[in-house]
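Numbering (my numbering), first residue to last: 263 to 1074. Worksheet: the structure to be examined is printed underneath.
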Ligand code: 26W
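If you want it as structure tokens, here you go:
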């Protein structure tokens, strides 16, 4: 139950159509109706947000600011209705108008302001902060174009622009009264002040203008509404003359650069560092706007900066906003006149850094030359921070080796000097965390062991989590109602209670109903597949799903190799593969990642051959659902029997899809990587399918790994690889998959596909056998739902709040 009155909902809805759109109800389009409902919901959000802000301000609470280049929030109407507790009432009201709410929510656009895991995690965290009644706010960029839309043409991925009509979104509040002026480019002139101190002035800069737009974030049961603040880069026509030196009007106009391009588009890579100047400018733009906003708010109630870190926490979502270290120092030292040492203590105590990837190609570095041009004052400050840090190192340990110093230095020497953003983030933060236990251990032992030895107390783990509101309650209403009927509603706000489901473990009627819910979800997905792909799949078959970005380390190829193996065993050996299976893939490849795009083509080509082959008797179907995004994930995940989490051990930082699938009752086939390890601990080894080399084995294995040995010694594998090399799957375009063969057979094949093949095949075989025992399967499925309570992002946020941010729940 919500604590506010629903009666004015109807009035808001009607008024919107009549007075804002100037239409009669009969003439309102679907989109008008959607906007009218969103408007009525938005009014509640605004009211609650005023109360929330007032509460925070009166109590002078400490606030958390989550800085992220990506927020993959998904559609909002359904979730807002659910969190406010007015879904059912809204549905009934709309019925009186002849509107089906469930159809109406499908009209909403899905803002794709993120790539994948990192962006979606940020969105789940905002949901949890609000649900825990904590003062936590998101800061990001209001891109005009989100992640591209993926269309498939003849099996190939093509990218189409995804224009997010953000100017028309009913959820986005443009703050017309606020904007931030951000200097960029120019040069630093060194001078000496009255006390003989170095007193630099950054001059001749150009000007960016950042306009805040807020998306309100509702907590569960509507007590707290926080916000996600997104900045749009605007070119100002009517800038404040006051901010310029007198008489400098014309020069000032000249310095106002075309800044709209900066928030035009999200970079579509989630693994390769981009290295483009515009990306750096985006990072700086976000950091500068956010810090201006944070400091302006702080200064409304505080007159000194002595206790800044007691009121402000800032979390860096990966290194993308790492310039915050330099920008905060610049503000404190240059603008507020605070002593370096004091400013440095404040900066460190304020900032925390989360690492989300160990992939070397994803570790950000920027050429010093670019930084000097774009943010000359920041580059100076980075040099100063680094010099003081290196001095500290040698004083602390006079025997320190040159190699250690070189590794820890923010500057990487070489033909082109580079700034290592991870080192900057680590040196400038009081907390450095990884996102699953094994990942945090690898950060300490593999990624930055020197820093760990230096400051062990700064390193910690915060295993990821996902929002049970979006990833169970909203996306799987059948399951949600079923759980609530069994154990009451408390699990939605406190997922640790979901273990209570296990008391029904031996109730066959209960398990049967669980099976029926899964079947209904599979039927819905089968319908979607029929609609989108003109392909019939049998809901009674095993739905084995691999949905995530396409990347070699995530090993979609291992899955494909297994599918081809099954196919050839039926076709050539006349084998019985047990229960029929439907293999479903979904995911985007970065536009410049050619090999990942070839994997997409291979999946389509294999699907084309297998789906049409009468000899297979429909025992195997392969489907690729295009344009994976939050909304599609909400359809796919509730329908999975098997969840593919098969990355090469040591390469997936955590994964969060793995958690979503398990809590919706899918059984995981996975390596001991990322959060899979913790999922296995929670559900128990007998309720998960673990295979393959472990992190330690991978490490020991790599130096002497020769894929060719596996090829020579395993006839099944040899047959599959030959099939890929041949034109079996590409008779129209001969030879196109030869690069896949060469990659897999290449010495030092980094992802160890062939080494894990046998163990993957054996584990898949076991899945096929276990599935035949329906009671056993359903009981395992139930245990996955009941034992994954710790993977709620509420748990993760509580740990961040207690261990890093020092913020508290504040219900008033
Ligand atoms: C600069 C290009 C770029 C952009 C984004 C490089 C790297 C990234 C992200 C750090 C990649 C990412 O999304 N990492 C994922 O983060 C999730 C949330 O913690 C984890 O669950 C995934 O395992 C991790 O791959």
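For every residue, glycine included, the Cβ atom is placed at its ideal position computed from N, Cα and C. These numbers were taken from a predicted model, which means no experiment stands behind them.
- One Cα belongs to residue 1064, the other to residue 654, and the distance between them is close to 30 Å.
- Distances between the C-beta of residue 618 and the heavy atoms of ligand 1 include at least one below 8 Å.
- By the CB criterion at 9 Å, residue 336 and residue 896 fall inside the cutoff.
- For residue 863, the number of other beta carbons within 10 angstroms of its own is at least 16, and it is reported as buried.
- Residue 426 has no beta-bridge partner at all, per DSSP.
- In this structure, 1047 is the residue among 966, 1014, 581 and 1047 with its C-alpha nearest to the C-alpha of residue 944.
- Closest in C-alpha terms to residue 310, from the list 342, 292, 659 and 338, comes 342.
- With contacts defined by Cβ atoms closer than 9 Å, residue 816 and residue 419 do not form a contacting pair.
- Nearest to residue 1072 by C-alpha distance, out of 282, 267 and 313, is 313.
- Residue pairing by DSSP puts residue 326 in a beta bridge opposite 398 and 575.
- For residue 1000, the closest alpha carbon among the candidates 987, 1039 and 683 is that of 987.
- Scanning its chain for C-beta atoms nearer than 6 Å, with the 5 sequence neighbours on each side dropped, one finds around residue 487 the residues 307, 310, 311, 314, 478 and 480, in chain order.
- Annotated as proximal: residue 702 and residue 724, with beta-carbon spacing under 9 Å.
- Comparing alpha carbon positions, the residue from 364, 406, 421 and 333 closest to residue 383 is 333.
- Between residue 917 and residue 935, the CB-CB gap stays under 9 Å.
- In the three-state reduction of the DSSP assignment, residue 933 falls in the coil class, being assigned neither a helical nor a strand state.
- Secondary structure at residue 618: coil, using DSSP grouped into helix, strand and coil.
- In the DSSP assignment, residue 696 falls outside any alpha helix (DSSP H) and within the unbroken beta strand (DSSP E) covering 693 to 696.
- Residue state for residue 480 is assigned as strand, using DSSP reduced to three classes.
- Remark: the C-beta of residue 917 is in contact range of ligand 1, defined as less than 8 Å to any heavy atom.
- Using a C-beta cut-off of 8 Å, the stretch 869 to 877 makes no contact with the stretch 1001 to 1019, since fewer than three inter-stretch Cβ pairs fall below that distance.
- Separation of residue 1021 and residue 953 (C-alpha to C-alpha, rounded to the nearest whole angstrom) is 6 Å.
- The residue from 710, 822 and 837 with its alpha-carbon nearest to that of residue 861 is 822.
- Placement of the Cβ of residue 1033 at a distance of 8 Å or more from every heavy atom of ligand 1 is found.
- For residue 762, the closest of 1036, 747 and 962 by C-alpha to C-alpha distance is 747.
- In this chain, the alpha helix (DSSP H) harbouring residue 642 covers 638 to 658.
- Inter-residue distance for residue 526 and residue 543 is about 12 Å (C-alpha atoms, whole angstroms).
- For residue 845, DSSP records a beta bridge to 806 and 884.
- Going by beta carbons, residue 348 and residue 303 fall inside the 9 Å limit.
- It is roughly 11 Å from the alpha-carbon of residue 390 to the alpha-carbon of residue 756.
- Residue range 539 to 563 is occupied by the alpha helix (DSSP H) that includes residue 561, with no beta strand (DSSP E) assigned at that position.
- Within the same chain, 848 and 887 come within 7 Å of residue 894 by CB-CB distance, once the 5 residues on both sides are set aside.
- Ranking 469, 974, 367 and 813 by CA distance to the CA of residue 909 puts 813 first.
- Unbroken alpha helix (DSSP H) stretches of 4 residues or longer found wholly inside the stretch 718 to 752: 739 to 749, given in chain order.
- The closest CA to that of residue 786, considering only 797, 801 and 441, is found on 801.
- The C-beta separation of residue 972 from residue 1017 comes to about 6 Å, placing the pair in contact by the 8 Å criterion.
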